[in-house]
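Here's the structure, in structure tokens; my notes come after.
Numbering (our numbering), first residue to last: 1 to 264.
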């Protein structure tokens, strides 16, 4: 007589996270060393020495204007990430519940996924004006697309035995969704959330760079136009640091999504 064995739980090994962090830090330090040596040896003149950029970072963070720009960009990224993730999650659930709708919209979403939506920024300016909402709306769409696609794929890939088990336990639709379907699609949701974060940050900074009158992207463009290379690279470095910080902030959310999930 065969005995049933419980499926192993998906665990987030802290050692893997530590190795990943050490490897990433080593790569960053190596690139910084190459840039520092290259700049001081006059191998190129395009990028200043890393030490010079760090001094510039120290100077801009003491400037009140920096915090005004950072708060503007932070508001745009935060709002677009939250609404983009929610809209994308709901769209993915609709695509799963109504496969015909998913098949109809998926080609258009994939096409938009490959097109930089910043191209529609002039149209958005005409529609809502040159303000924070023109950036937020497009960045929300950019974040929603990968979230919707990943959610739809993750739910569609769920093993049929899960839904059969839910029906045998007489679970209602809400219990099926939150106790079975979404946990089963957890890895896809995490991937979609990561991509939503990346695209919301890219979208906000890129559209600020185009025509906005405030924000980190606008300040980078302004410093470029006045030939302040050190200040420009200092702001670019800050944007990179913000992206790393946001990724770290997402880790507890990812652990919450994957907590208790069983492997297929």
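Glycine residues also receive a C-beta, built at the ideal position from the N, C-alpha and C atoms.
Worksheet item: Does the separation of the CB atoms of residue 235 and residue 223 fall below 9 Å?
Response: In the chain shown, the residue the question calls residue 235 occupies position 235. In the chain shown, the residue the question calls residue 223 occupies position 223. Yes, these two residues count as a Cβ contact at 9 Å.
Item to complete: Check whether the stretch 210-220 touches the stretch 195-202, taking contact to mean three or more Cβ pairs, one atom from each stretch, closer than 8 Å.
Response: no
Practice prompt. Return the CA-CA distance between residue 150 and residue 85, expressed in angstroms with no decimal places.
Written response: By 1-based counting over the chain shown, the position of residue 150 is 150. By 1-based counting over the chain shown, the position of residue 85 is 85. Roughly 11 Å between the two C-alpha positions.
Discussion item. Just to confirm the assignment, what range does the alpha helix (DSSP H) spanning residue 193 have?
Written reply: The residue given as residue 193 occupies position 193 in the chain shown. Looking at the DSSP string, the run of the alpha helix (DSSP H) that includes residue 193 is 186-210.
Discussion item. On the DSSP letters alone, give me the boundaries of the alpha helix (DSSP H) that residue 130 sits inside.
Written reply: Along the chain shown, read from residue 1 onward, the residue named residue 130 stands at position 130. Segment: none, residue 130 is in no alpha helix (DSSP H) and carries neither H nor E.
Worksheet item: Ends of the alpha helix (DSSP H) at residue 215?
Response: The residue given as residue 215 occupies position 215 in the chain shown. Looking at the DSSP string, residue 215 is not in any alpha helix (DSSP H), and its letter there is neither H nor E.
Worksheet item: Considering residue 252, what are the terminal residues of the alpha helix (DSSP H) in which it resides?
Response: For the purposes of this step, residue 252 is taken as the residue at position 252 of the chain shown. Run containing residue 252: 229-258, per the alpha helix (DSSP H) assignment.
Worksheet item: What distance in whole Å lies between the Cβ atoms of residue 232 and residue 217, which are believed to be in contact at a cut-off of 8 Å?
Response: As a first step, residue 217 is located in the chain shown; it is residue number 217 there, counting from the start. As a first step, residue 232 is located in the chain shown; it is residue number 232 there, counting from the start. Going by Cβ atoms, the distance from residue 217 to residue 232 rounds to 11 Å, so no, they are not a contact pair.
Item to complete: Would you mind working out which of 241, 177, 89 sits nearest residue 190, comparing C-alpha positions?
Response: Residue 190 sits at position 190 when you count from the first residue of the chain shown. Checked all of 241, 177, 89; the closest Cα to residue 190 is 89.
Item to complete: Indicate whether residue 113 and residue 145 have their beta-carbon atoms separated by less than 9 Å.
Response: Here the question's residue 113 lines up with position 113 in the chain shown. Here the question's residue 145 lines up with position 145 in the chain shown. Yes.
Worksheet entry | Distance, residue 220 Cα to residue 49 Cα | As a position in the chain shown, residue 49 is number 49, starting the count at 1. As a position in the chain shown, residue 220 is number 220, starting the count at 1. The straight-line gap from Cα to Cα measures roughly 18 Å.
Item to complete: Evaluate contact between the stretch 136-145 and the stretch 65-81, counting only Cβ atoms and requiring at least three cross-stretch pairs below 8 Å.
Response: yes
Worksheet item: Whose CA, out of 258, 253, 238, 226, lies closest to the CA of residue 61?
Response: As a position in the chain shown, residue 61 is number 61, starting the count at 1. Of 258, 253, 238, 226, the residue nearest in Cα terms is 238.
Worksheet item: Leaving out the 5 sequence neighbours to the left and right, which residues in its chain are closer than 8 Å to residue 253 when beta-carbon positions are compared?
Response: In the chain shown, counting from the first residue as 1, residue 253 sits at position 253. These residues qualify, in order along the chain: 193.
Discussion item. Please identify the residue among 76, 63, 35, 44 whose C-alpha is closest to the C-alpha of residue 133.
Written reply: Position 133 of the chain shown, counted from the first residue, corresponds to residue 133. Considering only alpha carbons, the answer is 76.
Discussion item. Short of 8 Å in beta carbon distance, which residues of its chain neighbour residue 116, apart from the five on each side in sequence? Order them along the chain.
Written reply: As a working note, residue 116 is residue 116 in the chain shown. Same-chain partners within the cutoff: 206.
Worksheet item: So what does DSSP say about residue 53, is it helix, strand or coil?
Response: To locate residue 53, count along the chain shown from 1; it is residue 53. Helix, per DSSP.
Worksheet item: When DSSP labels each residue in this structure, what does residue 172 get in the three-state scheme?
Response: On the chain shown, residue 172 is found 172 positions in, with the first residue counted as 1. The answer is coil: DSSP assigns residue 172 none of H, G, I, E or B.
Worksheet item: Do residue 93 and residue 165 have their C-beta atoms closer together than 9 Å?
Response: Mapped onto the chain shown, residue 93 falls at position 93. Mapped onto the chain shown, residue 165 falls at position 165. Cβ distance not < 9 Å, so residue 93 and residue 165 don't count as in contact.
Discussion item. Can you tell me whether residue 72 is buried or exposed? The criterion is at least 16 other CB atoms within 10 Å of its CB, across all chains shown.
Written reply: Along the chain shown, one-based indexing puts residue 72 at 72. Buried, because 16 or more other Cβ atoms sit within 10 Å of the Cβ of residue 72.
Fill in: Cβ neighbours of residue 44 in the same chain (closer than 8 Å, five flanking residues each side left out)
For the purposes of this step, residue 44 is taken as residue 44 along the chain shown, with counting starting at 1. Same-chain partners within the cutoff: 38.
Worksheet item: Could you give the residue range of the alpha helix (DSSP H) that holds residue 273?
Response: Past the edges of the chain, shown from 1 to 264, lies residue 273, and the structure says nothing about it.
Worksheet item: Near residue 265, which residues of its chain fall below 6 Å by C-beta distance, leaving aside the five closest residues on each side in sequence?
Response: A query on residue 265 cannot be resolved here, the shown segment of the chain reaching from 1 to 264 and no further.
Fill in: Helix, strand or coil at residue 63 [DSSP, three-state]
Start at 1 with the first residue of the chain shown, and residue 63 comes out as number 63. Coil.
Worksheet item: Can you list, in chain order, the residues of its chain whose CB lies under 8 Å from that of residue 178, leaving out five sequence neighbours each side?
Response: Walking along the chain shown from the start, residue 178 turns up at place 178. Counting only Cβ-Cβ distances below 8 Å, and skipping sequence neighbours, we find nothing.
Worksheet item: Where residue 230 and residue 202 are concerned, what is the direct C-alpha to C-alpha distance, given to the nearest angstrom?
Response: If you number the chain shown from 1, residue 230 lands on position 230. If you number the chain shown from 1, residue 202 lands on position 202. Distance between the alpha carbons of residue 230 and residue 202: 22 Å.
Discussion item. Could you check whether residue 91 and residue 181 sit closer than 9 Å to each other, using their CB atoms as the reference points?
Written reply: Indexing the chain shown from 1 puts residue 181 at position 181. Indexing the chain shown from 1 puts residue 91 at position 91. Contact flag unset, no.
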